[in-house]
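Just below is one structure, and these are the notes that go with it.
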Amino acid sequence: MRVPVSWLREYVSFDTPVEELGELLSMTGTKLEAISQRGVPAGEELYLVGRVLTREQHPDADRLSVCTVDVGEQEPRQIVCGASNFAAGATVAVVLPGATLPDGTVLRKAKLRGVESDGMMLSERELELSQEHEGIMLLSDGAVPGTTLSEVLPIAERVMEFEITSNRPDCLSVYGVAREVSAVLDADLAGWPGSEPAAAGDDSIADHVSARIEAPDMCPRWAARVFADVTVGPSPPWLKARLVAAGMRSISNVVDISNYVMLALGEPTHAFDLDLVAGREIIVRRAAGGETVVTLDGQQRTLDPDVLVIADRDRPSAVAGLMGAEWSEVSERTTTVLLECANFDGPTTQASSTRLGLRTEGSTRWEKGLDPHLVPHAMTLASQLMVELCGARLVPGTIDLHGDLPSQPLVPLRRERLEHVIGLSYSEQRIGAVLGRLGYESVDGRWRVPTWRAADTWREVDLIEEVARIDGVWKVPTLMPPHADAVGGLDPDVRLRRRVIDVLLGTGLSEAATTTFCDEGLAGRLRLPADDPRRRAVRVANPVGADQALLRTVVFPGLLVSARRNLDAGRERVELFETGRVMLPSDGEIPLQPVRVAAMVAGDGAGFSRIKGIAEAMAAALGVSLPVAALDEPFLHPGRSARLGEGGLLGELHPLVAEAYGIEAAVAVFEIDLAELERGGDVPLYRDVVTYPPVRQDIAVVLDGDVTADSLLAVISDAAGELLSSAEVFDVYEGPQVGEGRRSLAVHLVFQAGDRTLTDAEANAVRERIVAAVSERLGGELRA
Amino acid sequence: MDPDTVRSEGLTAIAAAGDTTQLEQARIALLGRKAPLVLALRELGDLPPDQRGARGKVLNEVRQALEAALAAREAELRAAELDARLRRDRLDVTLPGQPVRRGHAHLIEQTGRDILDVFVGLGYRVSDGPEVDTVHNTFDALNTPVTHPSRQWTDTFYVSPELVLRTHTSTMQIRTMQAHPPPVYMATMGRCYRRDTPDNTHTAVFTQLEGLAVDRGLSLAHLKGTLLSFARELFGADREVRLRPHYFPFTEPSVEVDVSCFNCARDGSPCRVCRGEGWVEILGAGMVDPALFDHVEGYDAELLTGYAWGMGVERIAALRHAIPDIRMLWENDLRVMEQFG
Numbered sequence: 141m142r143v144p145v146s147w148l149r150e151y152v153s154f155d156t157p158v159e160e161l162g163e164l165l166s167m168t169g170t171k172l173e174a175i176s177q178r179g180v181p182a183g184e185e186l187y188l189v190g191r192v193l194t195r196e197q198h199p200d201a202d203r204l205s206v207c208t209v210d211v212g213e214q215e216p217r218q219i220v221c222g223a224s225n226f227a228a229g230a231t232v233a234v235v236l237p238g239a240t241l242p243d244g245t246v247l248r249k250a251k252l253r254g255v256e257s258d259g260m261m262l263s264e265r266e267l268e269l270s271q272e273h274e275g276i277m278l279l280s281d282g283a284v285p286g287t288t289l290s291e292v293l294p295i296a297e298r299v300m301e302f303e304i305t306s307n308r309p310d311c312l313s314v315y316g317v318a319r320e321v322s323a324v325l326d327a328d329l330a331g332w333p334g335s336e337p338a339a340a341g342d343d344s345i346a347d348h349v350s351a352r353i354e355a356p357d358m359c360p361r362w363a364a365r366v367f368a369d370v371t372v373g374p375s376p377p378w379l380k381a382r383l384v385a386a387g388m389r390s391i392s393n394v395v396d397i398s399n400y401v402m403l404a405l406g407e408p409t410h411a412f413d414l415d416l417v418a419g420r421e422i423i424v425r426r427a428a429g430g431e432t433v434v435t436l437d438g439q440q441r442t443l444d445p446d447v448l449v450i451a452d453r454d455r456p457s458a459v460a461g462l463m464g465a466e467w468s469e470v471s472e473r474t475t476t477v478l479l480e481c482a483n484f485d486g487p488t489t490q491a492s493s494t495r496l497g498l499r500t501e502g503s504t505r506w507e508k509g510l511d512p513h514l515v516p517h518a519m520t521l522a523s524q525l526m527v528e529l530c531g532a533r534l535v536p537g538t539i540d541l542h543g544d545l546p547s548q549p550l551v552p553l554r555r556e557r558l559e560h561v562i563g564l565s566y567s568e569q570r571i572g573a574v575l576g577r578l579g580y581e582s583v584d585g586r587w588r589v590p591t592w593r594a595a596d597t598w599r600e601v602d603l604i605e606e607v608a609r610i611d612g613v614w615k616v617p618t619l620m621p622p623h624a625d626a627v628g629g630l631d632p633d634v635r636l637r638r639r640v641i642d643v644l645l646g647t648g649l650s651e652a653a654t655t656t657f658c659d660e661g662l663a664g665r666l667r668l669p670a671d672d673p674r675r676r677a678v679r680v681a682n683p684v685g686a687d688q689a690l691l692r693t694v695v696f697p698g699l700l701v702s703a704r705r706n707l708d709a710g711r712e713r714v715e716l717f718e719t720g721r722v723m724l725p726s727d728g729e730i731p732l733q734p735v736r737v738a739a740m741v742a743g744d745g746a747g748f749s750r751i752k753g754i755a756e757a758m759a760a761a762l763g764v765s766l767p768v769a770a771l772d773e774p775f776l777h778p779g780r781s782a783r784l785g786e787g788g789l790l791g792e793l794h795p796l797v798a799e800a801y802g803i804e805a806a807v808a809v810f811e812i813d814l815a816e817l818e819r820g821g822d823v824p825l826y827r828d829v830v831t832y833p834p835v836r837q838d839i840a841v842v843l844d845g846d847v848t849a850d851s852l853l854a855v856i857s858d859a860a861g862e863l864l865s866s867a868e869v870f871d872v873y874e875g876p877q878v879g880e881g882r883r884s885l886a887v888h889l890v891f892q893a894g895d896r897t898l899t900d901a902e903a904n905a906v907r908e909r910i911v912a913a914v915s916e917r918l919g920g921e922l923r924a
Numbered sequence: 004m005d006p007d008t009v010r011s012e013g014l015t016a017i018a019a020a021g022d023t024t025q026l027e028q029a030r031i032a033l034l035g036r037k038a039p040l041v042l043a044l045r046e047l048g049d050l051p052p053d054q055r056g057a058r059g060k061v062l063n064e065v066r067q068a069l070e071a072a073l074a075a076r077e078a079e080l081r082a083a084e085l086d087a088r089l090r091r092d093r094l095d096v097t098l099p100g101q102p103v104r105r106g107h108a109h110l111i112e113q114t115g116r117d118i119l120d121v122f123v124g125l126g127y128r129v130s131d132g133p134e135v136d137t138v139h140n141t142f143d144a145l146n147t148p149v150t151h152p153s154r155q156w157t158d159t160f161y162v163s164p165e166l167v168l169r170t171h172t173s174t175m176q177i178r179t180m181q182a183h184p185p186p187v188y189m190a191t192m193g194r195c196y197r198r199d200t201p202d203n204t205h206t207a208v209f210t211q212l213e214g215l216a217v218d219r220g221l222s223l224a225h226l227k228g229t230l231l232s233f234a235r236e237l238f239g240a241d242r243e244v245r246l247r248p249h250y251f252p253f254t255e256p257s258v259e260v261d262v263s264c265f266n267c268a269r270d271g272s273p274c275r276v277c278r279g280e281g282w283v284e285i286l287g288a289g290m291v292d293p294a295l296f297d298h299v300e301g302y303d304a305e306l307l308t309g310y311a312w313g314m315g316v317e318r319i320a321a322l323r324h325a326i327p328d329i330r331m332l333w334e335n336d337l338r339v340m341e342q343f344g
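As you go down the protein sequences, you meet chains A and B in turn. For any residue, its number in the working numbering is found by taking its place in the first sequence, counting from 1, and adding 140. For any residue, its number in the working numbering is found by taking its place in the second sequence, counting from 1, and adding 3.
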């Protein structure tokens, strides 16, 4: 909300410097975003009201005239001017040599085509009052020559720009901000702007138009007045200046009045050319399905019954609260104006705005929910300006249709509760002053909420907020809570996730964060068959782009994208992991969202062995066992693809998948639910491995090539019994010494008993059992 | 054989030995099996008994003197040789060590832990929860009016009319109160989603960190004290915090919280962090709106008060580390990530 300071001062007077006021407002809930300067930067005394005494043709230039202008000095000044929209007698704005113009140039006495010019007559644009530059600005003839221009027009304006929170549509108005200023500075607020003009004529509004509301749920109030003999034309400079300073454009006096009332009071109004209203009747109704309207911006819009329209007998003349129809627009030919001051339902307007993709100054106010009691205030101000600025005759009578209007809540406020919640003491007097300035009335120990706050303020805590914010939350002391019972800590899943992160960092991998969104093409890039469950992704109904339409069902593809980026940047080795949620459709209230850990190695040294080593180190550090068994995954190398744990995966990336990600280097990945890394309740218990030394033996057995290491170790473990404390494969040999299709696996065996030193005989007996079992069950033979 | 000559020549030869090899040669020459002194000692038995004692004494004295000199010289030479060897082994200690591959924790995780650890110290329990959540937990139970802009399809990702990608971690306020009776001191960190147009301070996916305290006797002053402790832990012991009224549907009163700038002298001169204002907005907070207690069992709005706060982890990280564009945190460029330890 942009608030010109001169406008603000019309409603509340203050001596506080603008910067300081801005700070105070920021600290009480109306956040100042910026203060900007418009118009004359300095030296306002050189800008004067002038009256053109004579105007003659320049001797050497067709487009220039030579004028004498009275600026209140003893002698008139000679000024050469290029505009043609004035004659002798015109009251104009003059700037004298030496002055700095709003665009920064300094005006000098000059000769124009040989004729001296001792000043300049100004256009509105030159003063930054509006975009108008067709000719010079003409002032009302009442202004006295020599008067400083700043007394007549806001030629030097400071504009305060505020961020207004969505609960405070009342502050989307200069008067609303003035009310905040009044409370913050404890200064008097002027009465509601506008005074009722006298109606004239023997006719009445009923002779001109009839109206009815067919959708009262969407339009709690609809009021209108009729203005006859309207002269549509430009607005006076002061009005243009205020609109432009507040960030709007000047269109014509009638439209500008409507916008001015909105900026002043926060109530959007709308002007119709009544002569264009078919049947001279207004129906506030739901649009018919498929009904179309061309709005003022030239767009044809298709409506539906959830959109409210202001229609005449035949068709919509406005989409309520959003924009008028092109055909009903006020134009230069308009002489009779129907001025609408209504109240439209917030959610209805918001829904229409979203559905039609149309947001306007009006709709952004309506959608926050406006006070229906604003209607008469807006009507008064608009009527006054219509009569004063458009020469209009106010037709007697007002249409004002409404049902029960919302009542004003009566809310208690206990001082001790206020002090309890805020942690600060307040006097009854201070409470009364703050609430009084904001428009609350004390009624029998309770507070009657002003109509413009009734939607947002109806509980004690709301009043607590009002008092606390205006009195100043910066005064609140700093205390620590007493919570003796609270014990800090990490939930088990949070602690596990940290542990996993730390372990993987220790293996040399770096932690990544990749987006949760993915695209339709992902399933194809991963070569997932049609029935693969990972194709069943949670779909976003309103994605920003097609590449973000789905939520991930696997984490590792994000790491591939990061790998590509780093490889392209010249890295020879990229090793990353991520912990994060996947979203899996389920029949429950919300999708299943397990936290996963995915790890990836790419480039130098990447391969099955490296990624498996990382998975093993992780499992060992976490004290869990993660079996690995061959299992084909469509996106992994078919010979180097495995299941990790119960539901995880591990392997080298399929070359076609790597290609789809633009990666030429070797890549291997694993991914598993964090839940599988939970050790459960058991902590590791001490085993005595020190007192009685172990016996170490190595064996090498030659086996068929398709006997896996795991099955060998299983047979060894089974045969050895409890004296075997560990068995690890440490070497693999394939070659002529063991024969085609066979290989030799070398295994470290460690035998140990917890209660005695093993004898060689004991160890040898176990070893023989192992050799026998390997031979019998796997066809393996001891390698010489 | 003249013992005095043997002694003096022997001592000279020992002194002249330049290394342990030469010394060994000298030892063999003086005290080896064929050395004149050793032969003379062996021949002592052939002398008449009356000469034997005096001669033996003289010869043994010479032998002892030579042995002592040899030992001394040997120690000397070994020390010199060790010294020379160590001098040869000297390294350029400024050369780099053997490289150790080391992972880099993501800055979001680092920053999040730094913050969460402060609150763990203050007695908060850290919990985690789902990112796709119900409209009820995200908006309705958090007292968000149906017209609130955050609910709009332009602002929030919807999965269905009842399910959204949570726009804030405040969903965990409801989930925590539903799961635990009061008092509650909870902190949480996780991904949130908003339909923002990405720019250097916004991404559609971002990380929020939030806390909730509900207990008897809590006031805005306790919130301020808590956040001051946090600000000082994270941004330095001299920090102050400032509360500014704001509006959030789920807190009343609501405040935005500024921390005094940690990057400049706060004298109004240009500063990348506070832009010369002296204060930096770091989070939103407020007293829990009593309407929230209506959505959970066992929470009496008259007996209990509470407060909550939430902050963007990327924003805090960007402020602390002078990161110009938070989108970088989601690109995982190792050149960037390695800067942060």
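Glycine included, C-beta positions come from ideal geometry on N, C-alpha and C. Predicted, not measured: the structure shown is a model, and the values here were computed from it.
Asked                                                                                                                                                                                   : Found
I need the straight-line Cα distance from B/L145 to A/L558, nearest angstrom please.                                                                                                    : 22 Å
How would you label A/S523, buried or exposed, when you count the other beta carbons within 10 angstroms and need 16 or more for buried?                                                : buried
Please specify which runs of the beta strand (DSSP E), each continuous and at least 3 residues long, are wholly inside the region 431-498 of chain A, giving them in chain order.       : 432-434, 440-442, 448-451, 456-459 and 477-483
Run through DSSP, which three-state label would A/H273 get?                                                                                                                             : coil
Could you name the residues of chain B that A/R704 contacts, counting a contact when the two beta carbons are closer than 9 Å?                                                          : Residues of chain B passing the Cβ test: none, with the nearest at roughly 11 Å.
Would you mind working out which of A/L575, A/W506, A/P697 and A/H273 sits nearest A/N225, comparing C-alpha positions?                                                                 : A/H273
So, is the C-beta of A/G254 closer than 8 Å to a C-beta in chain B?                                                                                                                     : no
Determine, using beta carbons only, whether A/P731 comes closer than 8 Å to chain B.                                                                                                    : yes
Please report the distance separating the alpha-carbon of A/M167 from that of A/L699.                                                                                                   : 45 Å
List the residues of chain A whose Cβ lies closer than 9 Å to the Cβ of B/G124, in chain order.                                                                                         : G628
Less than 8 Å between C-beta atoms, sequence neighbours within five positions excluded: which residues of the same chain meet that for B/L34?                                           : L40, V41, R66, L69, E70 and L73
Check each candidate in A/D415, A/K171, A/L325 and A/S375 and name the one with the smallest Cα separation from A/F367.                                                                 : A/D415
Which residues, in chain order, does the region 581-592 of chain A contribute to contact with chain B at a C-beta distance below 9 Å?                                                   : none
With a cut-off of 8 Å, does the C-beta of A/E651 fall near any C-beta of chain D?                                                                                                       : The structure shown contains no chain D; its protein chains are A and B.
In chain order, which continuous runs of the alpha helix (DSSP H) of length 4 or greater are located wholly inside the region 149-184 of chain A?                                       : 158-166
Is it right to say A/T488 is buried, meaning 16 or more other beta carbons lie within 10 angstroms of its own, or is it exposed?                                                        : buried
Give me the Cα-Cα distance between A/M358 and A/D727, rounded to the nearest whole angstrom.                                                                                            : 37 Å
Could you check where the alpha helix (DSSP H) with B/F233 kicks off and where it finishes?                                                                                             : L223 to F238
At the 8 Å Cβ level, is B/M209 part of the contact set with chain A, yes or no?                                                                                                         : Note that residue 209 of chain B corresponds to Phe in the displayed sequence, not to Met. So, not an interface residue.
Give every residue of the same chain whose Cβ lies closer than 7 Å to the Cβ of A/G802, excluding the five residues on either side of it in the sequence, and list them in chain order. : R704
How many angstroms separate the CA atom of B/R58 from the CA atom of B/A78?                                                                                                             : 31 Å
Among the residues of its own chain, which have a CB less than 8 Å from the CB of A/E466, if the five just before and after it don't count?                                             : V434, T435, L436 and G438
Using a Cβ distance threshold of 8 Å, determine whether the region 229-237 of chain B contacts the region 622-629 of chain A, with at least three qualifying pairs required.            : no
At 7 Å on the CB atoms, spell out the chain A contacts of B/P152, in chain order.                                                                                                       : S306
Quick check: the Cα distance between A/V906 and A/A854, rounded to an integer number of angstroms?                                                                                      : 15 Å
In terms of DSSP beta bridges, what is B/L350 paired with?                                                                                                                              : Nothing about residue 350 of chain B can be reported from this structure: the residues present for chain B run from 4 to 344 only.
Might you give, ordered along the chain, the residues of its own chain that have their beta carbon closer than 8 Å to the beta carbon of A/R819, omitting 5 neighbours on each side?    : L762, G763 and V764
Spell out whether any CB of chain A is found under 8 Å from the CB atom of B/A182.                                                                                                      : no
I need the DSSP call for A/S257, collapsed to helix, strand or coil.                                                                                                                    : strand
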